[in-house]
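Below is one structure, written out as structure tokens, with a few remarks after it.
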Amino acid sequence: MQIENSDTALEAVKGREIGIDLGTCNSVVSYLENGKINILRVKNEEIIPSAIFFENRNELLYGLIALRKGFQYPKSVARLFKRKLKDKTDKIKIEFKDRVSKTYIIDTNVFIDEPDILKCFQKYDEIVVSAKVIDELSYRMEQPETEFQAKVAINNIKELEERLIFESSDSSLLPEDLDTRNDDNLILSIAFKIKDKNPVLLTSDKEFQLKCKAYNISFQSLNDFKKDSINKRETIGITGEEASALFLRYLKDEASKAIGPVSNAVITVPANFNNVEIESTKRAAKKAGFEEVTILKEPTAAAIAYGLGVEQDKNILIYDFGGGTFDVSIIKVQTDKTLTEDQTDKIFRVINTGGDANLGGEDLTRELINFIYDELEESLGLDMYRLEDSGLSSEQYLYNETKIYEEAELSKIRLSQFKRTEISFPVLYTREEQRAWSLTVTRNEFENLVRDKTKKTLDALGKTLNGADLNAEDIDIVVLAGGTSLMPFIQERVRRYFGKSPNCEKNTATVIAQGAAIVASSKWDNAEGGIQEEIIIYEKTVADFGIELKGHRFDCLIPADTELPAIKEKNYSPVIERQKELRISVYRRSKQYQTETRIFNDGIDYIDKISISNLPPMNFQDTIRVSFELNKYDILNVNVKIISENKELIDTGEVSIEKASDN
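Per the numbering used here, the sequence shown starts with residue 579, numbered consecutively.
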């Protein structure tokens, strides 16, 4: 799928700057206005789900509506695409449906069989319901066996009221042999009333279906409708970079609508992102139409949001528990007033970083899902761990799976506010029938489910402190960032660890975007009301950078925790006598895997290679000098010089290693 630059057709209008927290699960956009940091509200939401829903090849939905639609059609939504930035061959498979839009009349009984039926329609479908549908469902609420389904259906009807056509029945249109007091016949009269639209009557009642057939009214069963048997399906593959470009363009367009043209952005990434992922993010932003892009590490952004107003030197620890990753960073904030009396520099120096790239809020949701699966098996005899063991069709299994995920995610969020929550399913498929089912989960139960996962964050925190030769008492300010850190028991565990409460002055879900907006203003906004301090950031490498030696051995040139920018060089010898070619493969070794020495081991990732040919024949006495230069934006430049035995120098030039090789 090709993502074209949105500014190529028109001459770019110089716009303003924004900060973007491009999150794995949710994203936030922030900007400065008259010296005040504002969070952009998109569709009345500050927290924008990082989701793209494909109605078809050319019509896409974004954010909350995309996430909700994705619960109904999980094969048509792109989520967690930030995790796909490392490998452009790892594509998200998207299946969308080009269905001819129709006019549907919904039999009221369908709302009991499938209370969420309104969420299953396409954007341009015309949905007709009885004008008395609320009254009929209110009556069903008085019956214990249908109370819950009717309540959910009424809420959905009220929420989507603007999409519905409420049509009154007209008994005068019915054939004389039909009872005008029968509810089915009154629904049938609506079909006669709008017959020129060729409506499809949606019903699960087989007798009603026979009646429709007798009077030449098109109908469809609920199961057939949900299978979308008349749909034309198309499948495409989309890379993480392409999905990021689409989503960033959406954020840029929404910001431009709200605050005027936007040209530049500071975009945040996890502290452990490698240079391949960083460069992929930058390319995505360029494809989205941004003119200038600066990449900022997420914990550093959070520290800047808190540290800008700090007058004295302070050690700030950032506990960043997001949807997809966990980062911990220790950052020293310093104020330099040596320039002028009116101008000061604010220096943010990274002391140490740590975390877990494979631990986030999604993993906690998975623990709750597993708990629900266990309860389902005990209560209903339904095994949801594998399709093969469930006894369900693939469509039924997928329906259950998406409903359970949706409720687990919402319940996880509710348990940050309430001590207990009811997880309710109006409809779930079992081997024999459809069932309504619910269970109650307490906050304590959920905390026990995720205790081992959250303990890993404290272990990483301790390792990061030890690596910096610091104790908990040496930290002046503890900052929580990321939506997952909103959980009360996480805040309590952090408080006990440090013996003081973390600073929650700013919203943990938006603080990273706020820091990005501050850097954006400092970098590009010279107007009054912008950030006047110059913000200087000293990052550190979060991994070892090196090359492959004979025997598939990894040899490090720039070790982890080296302050950026960094330049290191090493001398090597030819592998064979009279060698005329060089192939230098560049690798990155994660900090937690520093004991690994073979390039095919866990934690060692290939970045790129440099091939040099047509060299004068080399001897074993010749020197191959490899120089690595890693700048503050994590762009690696490699220079190779060959010094012959008689001291003659061959400079092969500098190669920028910004991305994974195409080969």
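No residue lacks a Cβ here, since even glycine has one placed at the ideal position from N, Cα and C.
- In the structure shown, residue 800 falls within a helical segment according to DSSP collapsed to helix, strand and coil.
- Rounded to the nearest whole angstrom, the C-alpha separation of residue 1111 and residue 954 is 57 Å.
- Cβ-Cβ distances below 6 Å link residue 1189 to 1161 in the same chain, with the five nearest sequence neighbours on each side left out; the list follows chain order.
- DSSP places residue 1134 inside the beta strand (DSSP E), whose first and last residues are 1131 to 1136.
- Taking C-beta separations shorter than 8 Å and ignoring five residues to either side along the sequence, the partners of residue 1223 in its chain run 1197, 1199, 1200, following chain order.
- Using a C-beta cut-off of 8 Å, the region 907 to 914 makes no contact with the region 1094 to 1101, since fewer than three inter-stretch Cβ pairs fall below that distance.
- A straight line joining the alpha-carbon of residue 1038 with that of residue 720 spans about 53 Å.
- If you compare the alpha carbons of 1021, 976, 1015 with that of residue 946, the shortest gap goes to 1021.
- A distance below 7 Å between beta-carbons, with the five flanking residues on each side excluded, links residue 744 to the following residues of its chain, in chain order: 707, 709.
- Within 10 angstroms of the beta-carbon of residue 860 lie 16 or more other beta-carbons, which makes it buried.
- Within the DSSP bridge table, the entry for residue 924 names 913, 1113 as partners.
- Taking 4 residues as the minimum length, the alpha helix (DSSP H) runs contained wholly in the region 956 to 1025 are 965 to 968, 972 to 992, in order along the chain.
- Take residue 1126, set aside five residues on each side of it, and the residues of its chain with a beta-carbon closer than 7 Å to its own are 1132, 1163, 1165, 1177, in chain order.
- In the DSSP assignment, residue 742 forms a beta bridge with 705.
- In the DSSP secondary-structure assignment, residue 1218 is bridged to 1204.
- Here the C-alpha atom of residue 890 lies approximately 14 Å from the C-alpha atom of residue 1052.
- In this structure, 846 is the residue among 852, 879, 846, 850 with its C-alpha nearest to the C-alpha of residue 863.
- For residue 616, the enclosing beta strand (DSSP E) covers residues 614 to 617.
- Only residues of its own chain outside the window of five on either side were considered, and among them 1159 have a CB closer than 6 Å to the CB of residue 1191, listed in chain order.
- Across the structure, residue 694 and residue 878 are spaced so that their CA atoms are roughly 42 Å apart.
- Per DSSP, residue 857 lies in no beta strand (DSSP E); the unbroken alpha helix (DSSP H) holding it starts and ends at 853 to 865.
- If only uninterrupted alpha helix (DSSP H) runs of at least 4 residues are considered, those enclosed by the region 715 to 767 are 725 to 737.
- Taking C-beta separations shorter than 6 Å and ignoring five residues to either side along the sequence, the partners of residue 1149 in its chain run 1201, 1203, following chain order.
- The C-beta distance from residue 867 to residue 892 rounds to 38 Å, too long to meet the 8 Å contact threshold.
- Approximately 5 Å separates the beta-carbon atoms of residue 876 and residue 1090; this is inside 8 Å, confirming the contact.
- Listed in chain order, the non-local C-beta contacts of residue 731 below 6 Å within the same chain comprise 689, 693, 715, local neighbours out to five positions each way being set aside.
- For residue 751, the closest C-alpha among the options 1015, 734, 674, 773 is that of 773.
- Here residue 904 has 933, 934, 937, 1035 as same chain residues with Cβ atoms under 6 Å from its own Cβ, once five neighbours each way along the sequence are excluded.
- DSSP lists 1205 as the bridge partner or partners of residue 1147.
- Taking C-alpha positions only, residue 1070 is separated from residue 1058 by approximately 12 Å.
- Residue 977 is classed as buried because its beta carbon has at least 16 other beta carbons within 10 Å across all chains shown.
- Contact check for residue 818 against residue 662 passes: the beta carbons are separated by less than 9 Å.
- Three or more Cβ pairs closer than 8 Å define a contact, and the region 635 to 654 meets that threshold against the region 664 to 683.
- No residue range can be given for residue 662, since it is assigned to no beta strand (DSSP E) and is classified by DSSP as neither H nor E.
- Between the beta-carbon of residue 604 and that of residue 626 there is about 6 Å, and that keeps the pair under the 8 Å contact cut.
- The shortest C-alpha to C-alpha distance from residue 607 to any of 1119, 1209, 623 is the one to 623.
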